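Protein chains: 2
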Amino acid sequence: MDRPWQRIDEWSQARKGKIMEHLPLIAAPLLRRQIVAVFTQWGMPQAAAEEAAEVMVDTDLRGVDSHGIGMLPHYQRFFASGELDPKAQPSVRQERPSTALVDAHHSIGHTAALLAMRLAIGKAQATGVGVVGVCGSNHYGAAGYYAQMAANEGLIGLSLTNAFTPFLVPVFGRQPQLGTNPIAFSAPGRRHPPVSLDMATTTVAYGKVSIARRAGKALPEGWALNAEGRPEHDSAVAAETKLLAPLGGTRVLGGHKGYGLALMVEILCATLTGASAADRITGHFFLVIDPGAFRDPGEFRAELDALTDRMRATEPAEPGQRVLVPGDPEYAAFAERSLRGIPMTPTLLEEVREVCRESGAPFLLLP
Amino acid sequence: MDRPWQRIDEWSQARKGKIMEHLPLIAAPLLRRQIVAVFTQWGMPQAAAEEAAEVMVDTDLRGVDSHGIGMLPHYQRFFASGELDPKAQPSVRQERPSTALVDAHHSIGHTAALLAMRLAIGKAQATGVGVVGVCGSNHYGAAGYYAQMAANEGLIGLSLTNAFTPFLVPVFGRQPQLGTNPIAFSAPGRRHPPVSLDMATTTVAYGKVSIARRAGKALPEGWALNAEGRPEHDSAVAAETKLLAPLGGTRVLGGHKGYGLALMVEILCATLTGASAADRITGHFFLVIDPGAFRDPGEFRAELDALTDRMRATEPAEPGQRVLVPGDPEYAAFAERSLRGIPMTPTLLEEVREVCRESGAPFLLLP
Chain A
1 MDRPWQRIDE
11 WSQARKGKIM
21 EHLPLIAAPL
31 LRRQIVAVFT
41 QWGMPQAAAE
51 EAAEVMVDTD
61 LRGVDSHGIG
71 MLPHYQRFFA
81 SGELDPKAQP
91 SVRQERPSTA
101 LVDAHHSIGH
111 TAALLAMRLA
121 IGKAQATGVG
131 VVGVCGSNHY
141 GAAGYYAQMA
151 ANEGLIGLSL
161 TNAFTPFLVP
171 VFGRQPQLGT
181 NPIAFSAPGR
191 RHPPVSLDMA
201 TTTVAYGKVS
211 IARRAGKALP
221 EGWALNAEGR
231 PEHDSAVAAE
241 TKLLAPLGGT
251 RVLGGHKGYG
261 LALMVEILCA
271 TLTGASAADR
281 ITGHFFLVID
291 PGAFRDPGEF
301 RAELDALTDR
311 MRATEPAEPG
321 QRVLVPGDPE
331 YAAFAERSLR
341 GIPMTPTLLE
351 EVREVCRESG
361 APFLLLP
Chain B
1 MDRPWQRIDE
11 WSQARKGKIM
21 EHLPLIAAPL
31 LRRQIVAVFT
41 QWGMPQAAAE
51 EAAEVMVDTD
61 LRGVDSHGIG
71 MLPHYQRFFA
81 SGELDPKAQP
91 SVRQERPSTA
101 LVDAHHSIGH
111 TAALLAMRLA
121 IGKAQATGVG
131 VVGVCGSNHY
141 GAAGYYAQMA
151 ANEGLIGLSL
161 TNAFTPFLVP
171 VFGRQPQLGT
181 NPIAFSAPGR
191 RHPPVSLDMA
201 TTTVAYGKVS
211 IARRAGKALP
221 EGWALNAEGR
231 PEHDSAVAAE
241 TKLLAPLGGT
251 RVLGGHKGYG
261 LALMVEILCA
271 TLTGASAADR
281 ITGHFFLVID
291 PGAFRDPGEF
301 RAELDALTDR
311 MRATEPAEPG
321 QRVLVPGDPE
331 YAAFAERSLR
341 GIPMTPTLLE
351 EVREVCRESG
361 APFLLLP
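If you're matching them up, the sequences are chains A and B in order.
Quick note: the first sequence uses the working numbering, first residue 1, plus one each step.
Quick note: the second sequence uses the working numbering, first residue 1, plus one each step.
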């Protein structure tokens with residue numbers, strides 16, 4: 001049996017340079033208590049705070065450092081500006097057996113997304129498919145968390161969100177017009193963990209540009225653009241201008257496809273739900289499908305395992321790096337970090353301490 | 001009002017080098033009669049032949065030369081080998097109010113896809129969403145045709161297909177494992193024609209490598225790979241080895257995302273429906289959503305127009321090339337080719353003549 005923790009070495013190799021050996025390692029339960037302490041201090045009900053913290057810590061455990069505790073300082077700003085209402089109770093605005101629209105009423109995105117995904121899962125279990133949109137929301141963390149909720153129930157999940165910070169420059173343009181609008185997809189195997197894709201529709205997320213800047217490294221063509229819409233190689237400049245190329249990078253390498261995918265995400269998350277990104281409102285879109293509505297669900301899962309095996313058996317270009325399946329690096333990170341803890345940079349620890357100071361919550365992470 | 005035919009010049013510019021001025025131009029009705037003549041000669045019922053020909057000619061009118069009449073010689077081969085049964089009547093194998101599985105019984109893909117998409121549209125109109133899978137099918141032409149059928153009814157459409165010819169090499173690998181597995185999405189505006197994305201999940205379709213080979217041009221890094229899994233710049237070699245990079249091209253430019261999207265398409269089209277690509281069986285996946293299940297449909301369409309306007313108003317990098325919305329080049333091609341006819345190369349005309357000879361159908365395209 002191929003267990004995630006057997007892939008730690010592979011993962012370490014794939015993420016070489018991202019692992020910072022000498023950082024403090026924070027245990028997941030402590031991190032969860034810290035986040036709950038901040039959220040409840042804002043006035044968020046205990047249950048909602050625990051749920052949202054659970055999503056964030058899971059994200060850190062999976063190695064997606066950009067979307068877990070790392071977002072807390074941003075959430076603090078959204079709370080301070082009034083864009084995020086910690087007391088808001090998302091509600092179902094419109095509902096049919098296979099569809100629903102949830103109004104988040106400006107809650108933290110996680111609360112609304114959890115409600116919406118649970119609703120979509122129930123609809124898929126009852127009718128074969130569930131489509132739930134969310135309007136009036138905020139940042140919901142990692143898109144992949146919600147897609148995988150469906151896979152954990154033996155269902156296929158799709159999770160999309162728009163993002164109101166414009167980063168993505170459409171092909172032929174020189175202004176950012178869309179967020180990094182991610183696509184997450186998850187499908188359940190039997191022997192193997194779910195195949196779980198979670199990708200921004202830009203070539204890279206902004207975080208990668210920041211990392212290159214701190215390391216003083218040049219950017220490859222296809223990551224970022226300058227104010228004239230041409231490739232920007234200077235990571236210090238790119239970190240300032242924040243103009244990202246859509247997946248594909250340039251027109252000749254298919255940048256119009258990444259732009260098209262980002263626009264699809266925008267339409268499903270914002271135009272369909274009425275969450276206008278132009279007004280700094282975030283929307284989400286969830287689709288859940290029950291394989292049992294199409295074929296024997298056991299056969300589906302067995303065949304997905306066979307597909308995973310077929311991909312992993314691809315002859316590798318380099319002997320030391322075998323072909324992965326989406327989700328592999330995250331499962332390996334999860335196994336490692338569950339044992340060792342979650343590495344946090346001094347900067348991030350300081351930012352969390354500052355959040356605690358501002359909100360009046362106790363700082364719990366370091367003695 | 002922004003009409004498609006006002007964008008002919010823009011399109012001509014965008015497709016510069018693809019328009020071959022001195023080719024014979026075949027009128028759409030004649031091309032349709034030619035295709036129908038071949039299909040009925042194979043034994044396909046008249047109505048099915050006319051429907052499939054309609055899809056193919058529409059595709060040629062939209063400038064997608066690789067997926068219209070250009071596929072006829074391939075279909076002739078599938079017919080000759082018995083993989084395509086012209087007399088097959090696709091049937092619904094499993095059905096619930098919002099889902100269905102269609103068995104194509106090895107019909108031409110178009111026939112099964114039209115049935116499935118109509119079913120999905122009806123389900124979306126009745127319940128807000130329709131998901132229909134197809135197994136046991138063949139090549140269905142351009143994915144975008146079916147997505148746009150939904151948009152023409154005021155609905156949002158998604159159309160995916162797997163393809164059993166392996167072209168796509170997973171990141172870190174050096175063997176082709178997946179087809180060019182396209183994603184097509186279409187959503188209806190009010191003033192503007194639908195936003196219509198239709199993209200392979202490889203950086204380029206194989207046709208672009210062929211074109212570069214004929215022109216004796218080198219390939220940019222990110223299009224094709226050599227047998228060692230490294231970038232192949234020689235178009236003559238790449239046309240032989242047929243190893244395409246996933247969208248993104250290289251790992252550093254997000255090739256794992258294109259690979260992940262291709263795998264998602266494979267799971268939804270093959271694993272979900274039971275159409276195993278390993279057995280040279282094609283499957284499709286259609287999703288239709290009624291915006292009216294989420295908000296006022298008129299408001300949805302008006303807001304989509306506003307989004308289109310916002311994208312088109314992006315400050316351009318070059319003054320002569322404004323930012324487009326997915327579908328723009330195809331609408332312009334449609335307007336031009338509806339008036340002028342469909343250009344066909346001497347090679348393609350000769351191939352169609354050969355198909356007619358083999359099948360015993362009359363050759364109608366040239367006097």
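Each residue gets a CB set at the ideal place from its N, CA and C atoms; glycine is no exception.
Quick caveat: nothing in here was measured; it's all calculated off a predicted structure.
- Query: Where in the region 53-102 of chain B do unbroken runs of the beta strand (DSSP E), each at least 3 residues long, occur, reported from the N-terminal end onward?
  - Reply: Every beta strand (DSSP E) stretch that sits fully inside the region 53-102 of chain B and reaches 3 residues is listed by chain position as 91-96.
- By DSSP, does H22/B sit in helix, in strand, or in coil? H22/B falls in the coil class under three-state DSSP.
- Query: What does DSSP give as the partner residues of I156/B in its beta bridges?
  - Reply: Note: I156/B sits in a beta bridge opposite I289/B.
- Would the region 168-188 of chain A and the region 236-252 of chain A be scored as touching if the rule is three or more Cβ pairs under 8 Å? Contact between the region 168-188 of chain A and the region 236-252 of chain A is present: three or more C-beta pairs spanning the two stretches fall below 8 Å.
- Beta-carbon of V195/A versus every beta-carbon of chain B: anything under 8 Å? True, the Cβ-Cβ gap to chain B drops below 8 Å.
- Query: Which runs of the beta strand (DSSP E) spanning at least 3 residues fall entirely within the region 165-245 of chain B, listed in chain order?
  - Reply: The qualifying runs are 183-187, 195-199.
- Message: Please report whether the beta-carbon of Q148/B lies at a distance below 8 Å from any beta-carbon of chain A.
- Response: Output row for Q148/B: interface = no.
- Item | Spatial distance of A238/A from E228/A (CA atoms) | For the pair A238/A and E228/A, the Cα-to-Cα distance works out to about 12 Å.
- Option in D290/A, S81/A, L253/A, A187/A with minimal Cα separation from E266/B: Considering only alpha carbons, the answer is A187/A.
- Message: Taking 6 Å as the limit between beta carbons, can you name the residues of its chain near E10/A, skipping five residues before and five after?
- Response: For E10/A, the predicted model reports a pLDDT of 37, less than 50, meaning its position is unreliable and no value from the coordinates is stated.
- Message: Taking 8 Å as the threshold (beta carbon to beta carbon), is F79/B in contact with chain A?
- Response: No, because no Cβ of chain A sits closer than 8 Å to the Cβ of F79/B.
- Task: Go ahead and pull the three-state DSSP assignment for S368/B.
- Result: With chain B covering only 1 through 367, there is no way to say anything about residue 368/B.
- Message: Distance check for P24/A and H110/A, CA to CA, integer angstroms please.
- Response: Between H110/A and P24/A, the C-alpha separation is close to 27 Å.
- Query: Got a sec: which bits of the region 236-265 of chain B sit with their beta carbon under 7 Å from any beta carbon on chain A, in order along the chain?
  - Reply: From the region 236-265 of chain B, only L247, G248, G249, V252, L253, G254, K257, G260, L263, M264 have a Cβ closer than 7 Å to chain A.
- Message: For chain E, check one thing: does any of its Cβ atoms lie closer than 8 Å to the Cβ of E315/B?
- Response: No chain E is part of this structure, whose protein chains are labelled A and B.
- Task: Check Q321/B in the structure and name its three-state DSSP category.
- Result: Here Q321/B carries a strand assignment [DSSP, helix/strand/coil].
- If you draw a straight line from the alpha carbon of A100/A to that of V132/A, how long is it in whole angstroms? In this model, A100/A and V132/A are separated by some 5 Å (Cα to Cα).
- Message: Distance cutoff 8 Å, beta carbons only. Does E153/B sit that close to anything in chain A?
- Response: Judged by the 8 Å Cβ criterion, E153/B is not in contact with chain A.
- Item | Three-pair Cβ contact test at 8 Å for the region 304-317 of chain A versus the region 201-209 of chain A | Taking a cut-off of 8 Å for Cβ pairs, the region 304-317 of chain A and the region 201-209 of chain A do not touch, as fewer than three such pairs fall below it.
- Exposed or buried, what is Q76/A when buried is set at 16 or more other beta-carbons lying within 10 Å of its beta-carbon? Counting C-beta atoms within 10 angstroms of its own C-beta, Q76/A has 16 or more neighbours from the protein chains shown and is therefore classed as buried.
- Message: If we define contact as Cβ-Cβ less than 8 Å, is E303/B a contact residue for chain A?
- Response: True, the Cβ-Cβ gap to chain A drops below 8 Å.
- Message: I need the DSSP call for V355/A, collapsed to helix, strand or coil.
- Response: It is helical.
- Message: Contact defined as beta carbons within less than 8 Å: I believe L219/A pairs with V209/A. What is the distance between those atoms, to the nearest angstrom?
- Response: The Cβ separation is near 7 Å, so the contact holds.
- Message: If distances are taken between C-alpha atoms only, which option among Y331/A, G157/A, M311/A comes closest to R322/A?
- Response: Ranked by Cα distance from R322/A, the options Y331/A, G157/A, M311/A are led by M311/A.
- Beta carbon proximity, P73/A to chain B, threshold 8 Å: For P73/A, the answer is no, since every Cβ of chain B falls outside 8 Å of its Cβ.
- Message: Based on DSSP bridge pairs, tell me the residues matched to H284/B.
- Response: Bridge partners of H284/B: V134/B, T161/B.
- Item | Straight-line gap, E215/B to A163/B (C-alpha atoms, nearest Å) | Sequence check: residue 215/B is Ala here, not Glu. Cα to Cα, the separation comes out at about 27 Å.
- Going straight from the alpha carbon of V355/A to that of Q34/A, what length do you get? Cα atoms of V355/A and Q34/A: separation of roughly 11 Å, rounded to the nearest angstrom.
- Message: Strictly below 9 Å CB to CB, what residues from chain A border Q125/B?
- Response: Chain A residues near Q125/B: none, gap ~12 Å exceeds 9 Å.
- Item | Inter-stretch contact at 8 Å, needing at least 3 Cβ pairs: the region 250-261 of chain B / the region 115-127 of chain B | Taking a cut-off of 8 Å on C-beta distances, the region 250-261 of chain B does not touch the region 115-127 of chain B, as fewer than three cross pairs fall below it.
- Item | As assigned by DSSP and simplified to three states, the class of I342/A | In the structure shown, I342/A sits in a strand (DSSP, three-state: E or B).
- Task: Below 7 Å CB to CB, which residues in the same chain sit around G154/B once its five sequence neighbours on both sides are set aside?
- Result: The residues are P188, P297.
- Residues bridged to P316/B (per DSSP): DSSP lists G173/A as partners of P316/B.
- Could you pull the start and end residues of the alpha helix (DSSP H) that L115/B belongs to? From DSSP, the alpha helix (DSSP H) with L115/B extends over 109-127.
- Task: For G173/B, return the contacting residues in chain A, with the cut-off set at a CB-CB distance below 9 Å.
- Result: For G173/B, the C-beta contacts it makes with chain A under 9 Å involve M311, T314, E315, P316, A317, R322, V323, in order along the chain.
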